[in-house]
Amino acid sequence: MVCANGMVVQPHQCYDGLKGFDFVVVPGGRGVDALREDTALLADLSRFHRAGGLLCSVCTGALILAWAGVLEGRRATTHHSHREKLAPYCQVVDQRVVADGNIITAAGVSASLDLGFVLLERFYGAEVARQVAGRIEYCW
Numbered sequence: 000m001v002c003a004n005g006m007v008v009q010p011h012q013c014y015d016g017l018k019g020f021d022f023v024v025v026p027g028g029r030g031v032d033a034l035r036e037d038t039a040l041l042a043d044l045s046r047f048h049r050a051g052g053l054l055c056s057v058c059t060g061a062l063i064l065a066w067a068g069v070l071e072g073r074r075a076t077t078h079h080s081h082r083e084k085l086a087p088y089c090q091v092v093d094q095r096v097v098a099d100g101n102i103i104t105a106a107g108v109s110a111s112l113d114l115g116f117v118l119l120e121r122f123y124g125a126e127v128a129r130q131v132a133g134r135i136e137y138c139w
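If you're matching positions, the sequence shown starts at 0 in numbering that gives the first Met the number 0 and goes up one per residue.
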């Protein structure tokens with residue numbers, strides 16, 4: 000895969016569908032609009048969600064979740080420059096991280112740290128999340 004800045008990402012392994020994952024994080028970025036027509040990806044995300052999987056997004060990755068049809072009737076956030084674009088699909092909330100059932104969305108890229116702590120808390124408890132935050136001197 001070639002990123003918008005020309006960096007090449009070479010996967011070590013490819014997966015058919017999204018089976019066997021505890022959660023999936025959908026990143027955003029400049030190329031997000033190209034994924035609007037990726038019906039295989041959108042179907043995989045929708046299927047994962049319907050099976051009870053935890054879906055997360057960072058930045059404009061929330062738009063991909065919206066196009067997969069999983070944000071309807073939900074609260075979500077995204078990068079401030081794309082809130083209006085997300086608004087037809089869900090209730091847009093001006094927060095760094097929004098957890099609504101089995102969907103967690105994070106605003107801009109720096110909010111991915113907050114998302115990480117929400118995931119730590121969900122999977123390992125608040126005490127572990129606090130300990131990790133303390134070790135990296137992060138106010139959470």
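Backbone N, C-alpha and C define an ideal beta-carbon position, used for all residues, glycine too.
When the options are compared against residue i, the one with the closest alpha-carbon
i: A141; options: Y123, G27, E83 and S80; result: Only positions 0 to 139 of the chain appear in this structure, which leaves residue 141 out of reach.
i: L118; options: V57, A86 and L85; result: V57
i: V31; options: H48, M6, V23 and C2; result: C2
i: G52; options: G19, E120, L41 and A98; result: G19
Cα-Cα separation, residue i to residue j
i: L114; j: D15; result: 26 Å
i: V91; j: G68; result: 15 Å
i: W66; j: E83; result: 15 Å
i: L54; j: D93; result: 19 Å
i: H169; j: L17; result: No answer is possible for residue 169: it lies beyond the span of the chain, which begins at 0 and ends at 139.
i: C29; j: G107; result: The amino acid occupying residue 29 in the given sequence is Arg; Cys does not appear at that position. Near 12 Å, if we compare the C-alpha coordinates of G107 and R29.
i: H78; j: T59; result: 6 Å
i: I103; j: M6; result: 28 Å
i: G124; j: W139; result: 14 Å
i: V131; j: R73; result: 29 Å
Exposure label - residue i; buried when at least 16 CB within 10 Å
i: A75; result: buried
i: T38; result: exposed
i: I135; result: exposed
i: F47; result: buried
i: S80; result: exposed
i: S109; result: exposed
Cβ neighbours of residue i in the same chain (closer than 6 Å, five flanking residues each side left out)
i: D43; result: G16 and L17
i: F24; result: Note that residue 24 corresponds to Val in the displayed sequence, not to Phe. Here the set comprises C55.
i: L70; result: L64, Y88 and C89
Beta-carbon proximity list for residue i, same chain, < 7 Å, skipping 5 on both sides
i: L85; result: A61, L62, A65, A75, T77 and V91
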